[in-house]
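Student: Residue numbers for the sequence shown follow our numbering, so the first one is 30 and each next one is one higher. All C-beta atoms in this analysis are idealised placements derived from N, C-alpha and C, irrespective of residue type, glycine included. Because the structure is a prediction, the values reported are computed rather than measured. Let me begin by handing over the structure; questions about it come next.
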Amino acid sequence: MRTRNMAAFLLLAVVLSLVCAGCGPEPVGTGAIEGWVMRNVDAKGASAGAKQPMIVMGAAPKVGSYVGLDGARVLVERSGRQYVGYTDTGGYFRIGGLRAGTYSVTITHARFLDSYRTWCDVRDGQTTGIGARTLGSLHILVIGINNYTTPVNPLQYATPDAEYFHQVLGQENNLAKQVVLLTDEQATRSGIESAIRSMGEEIFPGDTFMMFYSGHGAQSSDGTTEYIVPQDYNGSSSSLISDAQLNALVDAYIYADHCVFVFDSCHSGGMYRAASAWLPKGFTRSTGFEVMAKNLSSRGFIVITACDKDEVSWEDSQLGHGVFTYQFVGGMREPGYYADGAFQVGPRDGEISTEEAFRYAEYYVNDWMNKNPGKVQTPTIYRGLSGAEVWGMFRY
30 MRTRNMAAFL LLAVVLSLVC AGCGPEPVGT GAIEGWVMRN VDAKGASAGA
80 KQPMIVMGAA PKVGSYVGLD GARVLVERSG RQYVGYTDTG GYFRIGGLRA
130 GTYSVTITHA RFLDSYRTWC DVRDGQTTGI GARTLGSLHI LVIGINNYTT
180 PVNPLQYATP DAEYFHQVLG QENNLAKQVV LLTDEQATRS GIESAIRSMG
230 EEIFPGDTFM MFYSGHGAQS SDGTTEYIVP QDYNGSSSSL ISDAQLNALV
280 DAYIYADHCV FVFDSCHSGG MYRAASAWLP KGFTRSTGFE VMAKNLSSRG
330 FIVITACDKD EVSWEDSQLG HGVFTYQFVG GMREPGYYAD GAFQVGPRDG
380 EISTEEAFRY AEYYVNDWMN KNPGKVQTPT IYRGLSGAEV WGMFRY
């Protein structure tokens with residue numbers, strides 16, 4: 030009798046351990062991903078099985094005729110490590126023991142032709158519902174101006190740089206949800222303002238807004254205000270867009286949690302000394318966008334500039350681009366996506382952060398300078414918030 034009671038006790042302990050597995054908070058240093066894989070019994074062709082789509086949810090369904098799919102395979106991957114689990118009879122799964130970070134999640138089922146794939150952020154000591162992301166979607170405004178309405182010194186590679194940025198970060202980027210490209214006559218003051226307003230209608234908390242600008246810059250003589258120069262600049266200060274005005278536009282229309290600005294005023298350098306002739310009295314030419322970067326980053330934004338104060342952002346006719354933009358974007362190109370995990374900034378995980386992209390560009394811009402004696406250019410990053418270096422900006 031005593032032996033039988035002991036066996037029953039051990040069986041009960043095993044059952045309880047299985048039932049309670051994954052219950053409660055994760056141990057410090059790890060987190061978990063959970064979700065439900067369902068099918069809708071009211072859907073047409075419910076008996077067709079393989080012709081039905083799986084329905085994946087981050088929380089248990091409260092309405093609708095849903096039935097859990099047991100036996101769905103859940104594959105969680107990050108940095109070359111894989112974790113596999115299966116749904117129970119209620120369609121529920123939970124995979125724990127995951128270090129904090131971003132994971133890819135792939136769900137398949139033997140009876141269903143389709144599969145489900147998403148990304149999920151894991152935090153220490155927390156269980157995250159499937160598909161939850163702290164980053165959200167990425168919305169990109171790309172501006173490049175070679176030719177101006179007034180007799181402003183023309184640029185050679187500002188427009189190609191913008192098109193290259195648009196192609197890679199806008200078209201080849203799995204994070205990008207909304208991309209707007211403005212070049213030359215499209216990049217007027219009203220065109221830029223209108224683009225920010227209209228893009229804001231699609232941006233929600235949790236999203237990231239990124240703006241790339243390649244063109245002329247200007248600075249007030251007292252060094253307190255900096256401006257981007259729209260294509261229809263007419264010689265008056267009122268036709269410029271100041272850092273304060275850009276801030277106001279973002280405040281009014283962009284509800285993203287994260288904002289990233291990338292400025293490149295590329296030119297050959299020879300025109301730099303005479304470039305201020307077309308500016309209003311009391312203004313000077315700006316290439317480093319230092320003042321604008323400091324004013325914007327003080328709001329918690331990340332600002333990346335192609336060069337430092339009083340430097341030139343060099344271009345290369347063999348590259349067909351400004352040196353900085355070519356390297357910054359190039360780190361996010363296939364087949365290598367070499368900025369991912371570059372210089373031990375972060376793990377190679379299929380996602381490239383602001384810090385990874387910047388460090389890659391910084392290294393190869395310096396390499397170009399070393400091969401071209403007498404030329405100096407220092408890419409600079411202004412981090413508005415602690416932890417901003419891990420903001421994702423590209424996923425492949």
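Can you list, in chain order, the residues of its chain whose CB lies under 7 Å from that of T407, leaving out five sequence neighbours each side?
Tutor: Contacts found: C336, D337 and E340.
Student: Distance check for I333 and F387, CA to CA, integer angstroms please.
Tutor: Going from the Cα of F387 to the Cα of I333 covers about 8 Å.
Student: So what's F292 in DSSP terms, helix, strand or just coil?
Tutor: Of the three classes helix, strand and coil, the one that applies to F292 here is strand, per DSSP.
Student: In this structure, how does DSSP classify T188 when only helix, strand and coil are distinguished?
Tutor: T188 falls in the helix class under three-state DSSP.
Student: Classify G399 as helix, strand or coil using the three-state DSSP reduction.
Tutor: Rather than Gly, the amino acid found at residue 399 in this sequence is Asn. It is helical.
Student: Any idea which residues DSSP pairs S94 with across the strands?
Tutor: In the DSSP output, where bridge partners are listed per residue, S94 has none listed.
Student: Write down the C-beta distance between F120 and I169 rounded to the nearest angstrom, noting that I regard them as a contact closer than 8 Å.
Tutor: Before going further, note that residue 120 is Gly rather than Phe in the sequence given. Incorrect: roughly 37 Å between the Cβ atoms, too far for contact.
Student: Checking 8 Å against the spacing of the C-beta atoms, do H350 and P189 come in under that value?
Tutor: Yes.
Student: Please state the DSSP three-state secondary structure of M83.
Tutor: Coil, per DSSP.
Student: Under the three-state reduction of DSSP, which class applies to E231: helix, strand or coil?
Tutor: DSSP places E231 in coil when its eight states are reduced to three.
Student: How many angstroms separate the CA atom of L204 from the CA atom of L348?
Tutor: Distance between the alpha carbons of L204 and L348 is about 27 Å.
Student: Give the range of the beta strand (DSSP E) segment to which G246 is assigned.
Tutor: Unbroken beta strand (DSSP E) run through G246: G246 to S249.
Student: Taking the C-alpha atoms as reference points, what is the distance between I283 and R226?
Tutor: When rounded, the distance between both Cα atoms is 8 Å.
Student: Do V96 and I124 have their C-beta atoms closer together than 8 Å?
Tutor: No, the pair does not count as a contact, with Cβ atoms beyond the cut-off.
Student: With the cut-off set at 8 Å, would you say F194 and V358 are in Cβ contact?
Tutor: Yes, these two residues count as a Cβ contact at 8 Å.
Student: So, under 8 Å CB-CB, G244 and S294 are touching, yes? Tell me the CB distance rounded to an integer number of Å.
Tutor: Rounded, the Cβ-Cβ distance is 7 Å, consistent with contact.
Student: Can you say whether N324 is buried or exposed, counting buried as having 16 or more other CB atoms within 10 angstroms of its CB?
Tutor: It counts as buried.
Student: Measuring alpha carbon to alpha carbon, tell me which of L308, V209 and A61 ends up nearest D150.
Tutor: Cα-wise, what sits closest to D150 is A61.
Student: What are the residues that DSSP puts in a beta bridge with Q207?
Tutor: BP columns for Q207 point to H168.
Student: From E231 to S327, what distance separates their C-alpha atoms?
Tutor: Taking the straight line joining both Cα atoms gives about 25 Å.
Student: What's the call for K73, buried or exposed, on a 16-neighbour Cβ count within 10 Å?
Tutor: Note on K73: pLDDT 48, under 50, position unreliable in the model; no value is reported.
Student: Compute the Euclidean distance between the alpha carbons of L414 and V70, then round it to the nearest angstrom.
Tutor: Distance between the alpha carbons of L414 and V70 is about 48 Å.
Student: Roughly how far, in whole angstroms, is the beta-carbon of F353 from the beta-carbon of A322, given that I think they are within contact range, below 8 Å?
Tutor: Going by Cβ atoms, the distance from F353 to A322 rounds to 14 Å, so no, they are not a contact pair.
Student: The beta strand (DSSP E) that contains G158, what's its start and end?
Tutor: First-last of the beta strand (DSSP E) with G158: T156 to G158.
Student: Give me the Cα-Cα distance between D153 and V113, rounded to the nearest whole angstrom.
Tutor: Those two C-alpha atoms are separated by around 20 Å.
Student: Is the Cβ-Cβ distance between I331 and V289 less than 8 Å?
Tutor: Cβ atoms of I331 and V289: closer than 8 Å.
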